[in-house]
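Residue numbers (the numbering used here), protein chains in the order written: chain C, 1 to 301; chain Z, 1001 to 1282.
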Amino acid sequence: MRNTRGYNPKSAIAGYLFISPWLIGFLCFTIIPILASLYISFTKYDLISSPVWVGIKNFQRLFFQDPRYRKSLGITFVYVVTAVPLRLVFALFIAMILCQKRRLLGLYRLVYYLPSIIGGSVAIALVWRMFFGSGGPISLAAAGLGIKKTVSLIGNPRTALATIIALYIWQFGSSMLIFLAGLKNIPESFYEAAVVDGAGSLVKFFRITLPLLSPVILFNLIMQTIHGFLMFTQAWIITRGGPMDSTLVYVVYMFLRAFQFYDMGAASAMAWILLLIIGFFTMIIFATSRRWVYYESKVGI
Amino acid sequence: MMVSSRKYLNAAVYHLICMILVVIMIYPVLWMIMSSFKTQSGIFRGNLSLIPDEWRFANYVEGWQGFGNHTFGIFFSNSFIIAITSTLGTMTSAALVSYGFARIRFPGARFLFGCMIATLMLPYQIIMIPQYLILHRIHWVNTFLPMIVPWSLGNPFFIFLMIQFVRTIPFELDESALIDGCTKFGIFYRIILPLCKPALVTVAIFSFYWRWQDFIQPVIYLSKPRLYTVSVALRLFADPTSVTNWGAMFAMASLSILPVMIVFFILQKYIVEGISTTGLKG
Chain C
1 MRNTRGYNPK
11 SAIAGYLFIS
21 PWLIGFLCFT
31 IIPILASLYI
41 SFTKYDLISS
51 PVWVGIKNFQ
61 RLFFQDPRYR
71 KSLGITFVYV
81 VTAVPLRLVF
91 ALFIAMILCQ
101 KRRLLGLYRL
111 VYYLPSIIGG
121 SVAIALVWRM
131 FFGSGGPISL
141 AAAGLGIKKT
151 VSLIGNPRTA
161 LATIIALYIW
171 QFGSSMLIFL
181 AGLKNIPESF
191 YEAAVVDGAG
201 SLVKFFRITL
211 PLLSPVILFN
221 LIMQTIHGFL
231 MFTQAWIITR
241 GGPMDSTLVY
251 VVYMFLRAFQ
261 FYDMGAASAM
271 AWILLLIIGF
281 FTMIIFATSR
291 RWVYYESKVG
301 I
Chain Z
1001 MMVSSRKYLN
1011 AAVYHLICMI
1021 LVVIMIYPVL
1031 WMIMSSFKTQ
1041 SGIFRGNLSL
1051 IPDEWRFANY
1061 VEGWQGFGNH
1071 TFGIFFSNSF
1081 IIAITSTLGT
1091 MTSAALVSYG
1101 FARIRFPGAR
1111 FLFGCMIATL
1121 MLPYQIIMIP
1131 QYLILHRIHW
1141 VNTFLPMIVP
1151 WSLGNPFFIF
1161 LMIQFVRTIP
1171 FELDESALID
1181 GCTKFGIFYR
1191 IILPLCKPAL
1201 VTVAIFSFYW
1211 RWQDFIQPVI
1221 YLSKPRLYTV
1231 SVALRLFADP
1241 TSVTNWGAMF
1251 AMASLSILPV
1261 MIVFFILQKY
1271 IVEGISTTGL
1281 KG
């Protein structure tokens, strides 16, 4: 009993039954919301009265009449282009250190990874707020060095973002583990051959490690860039976007637009712009990857 | 002699650097835990030392009292209800869906698989507003359903991880079971599912972490203090309008990461493997 396309009808039904949980969730909680948000982004909607079509007004207002939006866009870019490379460089550096044959490696790996596990929590964000705030250890240490009586890195618009970047770098552990797995896949014989040819450690790093690790770097770079654009909890707890909007990252402003101003139209427009930005950056990284990512086998995708 | 002393010096420098980093990584966490035993003035005044001048366990008692008439007992049980039910749900759906995609031929499978991979890159922050608008309309606001139901129906990350795992299981096992008269569900339940245990453990760990620490969804959907999760309740300590008992805040913050730490130390082998092989973020 096979139909013309070669599918057994019984197994077709079974297939759909097995994937039905995901399919229902996909339709109800992903596709419908995303289409709804596309529509709402062209309307004026405050949750109480029904949406009114306004065309591209929301987008126009965001880009041309909302300095806070442009500011949040700028802050988010600054955050992503500093925090992500710093985290990856740090993760790679530590992974290289941990790739030697030494004692206590298991302990180091465990401790360095720990912040990745708890770093996204509200608890750690609160700790950060106190740690870098006035009266916290950092300000006490600064006072001890005779800098100033009360230094609050959180309260200063020029340094607040840096503390959040520091929190992001502090959680380098998961990238480090991925790099470690990549490093272990590089055959020892490559390095041995290079040593025979008289290569120093710098040459080994730039000619062997980096090229062979580049697919892993690409993966990390894309994941972390996306992740960076989406930061919310830390900025919300540590600074609430302040002081003077200096940490008003994209999602925080989107949250404010939606749930404080009940401006669902503009907030939906912001979500779509963010999706396009993330897609754009992912594409750029992929497009340039041909120049710097080295694949050993040229087959496959 | 020269060689071996150089070797020792090398090792000493190596471990010194690693240990300094250990201190940096762990200091904020230790500071939080130690501050939870300090007096209000002891947290800030005077010294940088981690050890409290006088140990004050009352911080935990005061913190546990929570806000209004709601103790942290309620907040913890809310968090556990959400984290555990949605984790069990997502484990079940990830197992079922991955079997469907990895082992059964059905029309549209390639297209739907493509859809799933596309949503792998679709962050929650993008759909949070329209999802709120829809769930608001069907009166799911101020219930746990928005945190539990979408997650339980399957997270693309976990489904993908499971598909990769099911693909490594030899197909001969399915075939011999089929010859023995097993149905598709029988093959799934008796052959595939038991073999998927390691992958399911990874799913369980990360699902629990992410649900436990999730902040953005509870803060959107839960406005009644009785329904607050731990992460939302903790935020009230940071409320600029209230006078904050810092010791109590540190006490509850320390308690809030305790379940995560316990899971981490018991199952760390699985976690390290899970990240190294799948690239899941922590």
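We put the CB at the ideal spot given by N, CA and C, even for glycine. Remember, it's a predicted structure, so these values are computed and weren't measured experimentally.
Three-way DSSP call (helix, strand, coil) for residue i in this model
{"i": "C:ILE53", "result": "The sequence as given places Trp at residue 53 of chain C; Ile does not occur at that position. C:TRP53: strand per DSSP, three-state reduction."}
{"i": "C:THR43", "result": "strand"}
{"i": "C:PHE172", "result": "coil"}
{"i": "Z:HIS993", "result": "Chain Z is shown from 1001 up to 1282; residue 993 of chain Z falls before or after that span and cannot be answered."}
{"i": "Z:PHE1067", "result": "strand"}
{"i": "Z:PRO1194", "result": "helix"}
{"i": "Z:GLU1172", "result": "helix"}
{"i": "Z:THR1039", "result": "coil"}
{"i": "Z:CYS1115", "result": "helix"}
{"i": "C:CYS28", "result": "helix"}
{"i": "Z:ALA1011", "result": "helix"}
{"i": "C:GLN100", "result": "coil"}
{"i": "Z:ASN1078", "result": "helix"}
{"i": "Z:TYR1132", "result": "helix"}
{"i": "C:THR4", "result": "At C:THR4 the pLDDT is 49, less than 50, meaning the model places this residue with poor confidence; the figure from the coordinates comes in the next sentence. Residue state, collapsed to three classes: coil."}
{"i": "Z:TYR1124", "result": "helix"}
{"i": "C:ALA199", "result": "coil"}
{"i": "C:VAL252", "result": "helix"}
{"i": "Z:ILE1051", "result": "coil"}
{"i": "C:GLN260", "result": "coil"}
{"i": "C:SER246", "result": "coil"}
Alpha-carbon to alpha-carbon, residue j and residue i
{"i": "C:TYR113", "j": "C:ILE178", "result": "11 Å"}
{"i": "C:ASP263", "j": "C:TYR69", "result": "13 Å"}
{"i": "C:VAL249", "j": "C:PRO85", "result": "18 Å"}
{"i": "C:ALA162", "j": "C:TRP292", "result": "29 Å"}
{"i": "C:THR233", "j": "C:GLY106", "result": "30 Å"}
{"i": "Z:THR1143", "j": "Z:LEU1088", "result": "18 Å"}
{"i": "Z:TYR1270", "j": "Z:VAL1260", "result": "14 Å"}
{"i": "Z:PHE1171", "j": "Z:MET1032", "result": "51 Å"}
{"i": "Z:SER1035", "j": "Z:ASP1239", "result": "19 Å"}
{"i": "Z:THR1244", "j": "Z:TRP1055", "result": "19 Å"}
{"i": "Z:ASN1155", "j": "C:LEU27", "result": "13 Å"}
{"i": "Z:ILE1134", "j": "C:CYS99", "result": "49 Å"}
{"i": "Z:VAL1097", "j": "Z:ALA1058", "result": "49 Å"}
{"i": "Z:GLY1108", "j": "C:MET223", "result": "28 Å"}
{"i": "Z:LEU1122", "j": "Z:ASP1053", "result": "49 Å"}
{"i": "Z:PHE1101", "j": "C:ILE19", "result": "7 Å"}
{"i": "C:ALA143", "j": "C:PHE132", "result": "13 Å"}
{"i": "C:PRO187", "j": "C:TYR295", "result": "15 Å"}
{"i": "C:THR288", "j": "C:VAL81", "result": "16 Å"}
{"i": "C:ALA83", "j": "C:HIS227", "result": "11 Å"}
{"i": "C:SER174", "j": "C:SER116", "result": "6 Å"}
{"i": "C:ARG136", "j": "C:ALA166", "result": "For the sequence presented, residue 136 of chain C should be read as Gly rather than Arg. Near 16 Å, if we compare the C-alpha coordinates of C:ALA166 and C:GLY136."}
{"i": "C:LEU210", "j": "C:LEU180", "result": "13 Å"}
{"i": "C:PHE280", "j": "C:LEU218", "result": "15 Å"}
CA nearest to the CA of residue i, picked from the options
{"i": "C:ILE238", "options": "C:LEU126, C:PHE205 and C:THR76", "result": "C:LEU126"}
{"i": "Z:MET1252", "options": "Z:ILE1271, Z:LEU1161, Z:PHE1072 and Z:ARG1167", "result": "Z:PHE1072"}
{"i": "Z:MET1162", "options": "Z:ILE1216, Z:ALA1095, Z:GLY1114 and Z:GLN1217", "result": "Z:ALA1095"}
{"i": "C:LEU221", "options": "C:LEU17, C:PHE90 and C:PRO33", "result": "C:PHE90"}
{"i": "C:SER214", "options": "C:ASN185, C:LEU17 and C:MET283", "result": "C:ASN185"}
{"i": "C:ALA160", "options": "C:LEU145, C:ILE75 and C:SER174", "result": "C:ILE75"}
{"i": "Z:TYR1027", "options": "Z:LEU1050, Z:SER1041, Z:GLY1042 and Z:ILE1043", "result": "Z:LEU1050"}
{"i": "Z:ILE1169", "options": "Z:PHE1160, Z:TYR1132, Z:LEU1258 and Z:CYS1196", "result": "Z:CYS1196"}
{"i": "Z:VAL1203", "options": "Z:ILE1179, Z:LEU1267 and Z:TRP1140", "result": "Z:LEU1267"}
{"i": "C:ARG109", "options": "C:GLY155, C:ILE118, C:GLY119 and C:ILE94", "result": "C:ILE94"}
{"i": "Z:TYR1132", "options": "C:ILE164, C:ASP66 and C:THR30", "result": "C:THR30"}
{"i": "C:VAL251", "options": "C:MET244, C:GLY242, C:ALA166 and C:ALA235", "result": "C:ALA235"}
{"i": "C:LEU47", "options": "Z:ARG1137, Z:LEU1178, Z:SER1004 and Z:ILE1187", "result": "Z:ARG1137"}
{"i": "C:VAL302", "options": "C:ALA193, C:SER139, C:LYS71 and C:LYS101", "result": "A question about residue 302 of chain C goes unanswered here, because the residues of chain C that appear run from 1 up to 301."}
{"i": "Z:GLY1066", "options": "Z:TRP1151, Z:ILE1043 and Z:GLY1247", "result": "Z:GLY1247"}
Start and end residues, alpha helix (DSSP H) containing residue i
{"i": "C:MET130", "result": "122-132"}
{"i": "Z:LYS1224", "result": "Unbroken run through Z:LYS1224: none, as it is neither H nor E."}
{"i": "C:PHE290", "result": "Here residue 290 of chain C is Arg; the residue named in the question, Phe, does not match the sequence. C:ARG290 -> alpha helix (DSSP H) spans 264-292."}
{"i": "C:ALA193", "result": "188-196"}
{"i": "C:ASN220", "result": "210-229"}
{"i": "C:GLN234", "result": "233-238"}
{"i": "C:LEU114", "result": "105-118"}
ask   = Taking one C-beta from the segment 39-54 of chain C and one from the segment 267-276 of chain C each time, how about it: are there three or more such pairs within less than 8 Å?
value = yes
ask   = So does the segment 120-140 of chain C actually touch the segment 203-218 of chain C, counting three or more Cβ pairs closer than 8 Å?
value = no
message = Contact between the segment 1077-1092 of chain Z and the segment 1204-1219 of chain Z is defined here as three or more beta-carbon pairs at a separation below 8 Å; is this criterion met?
response = yes
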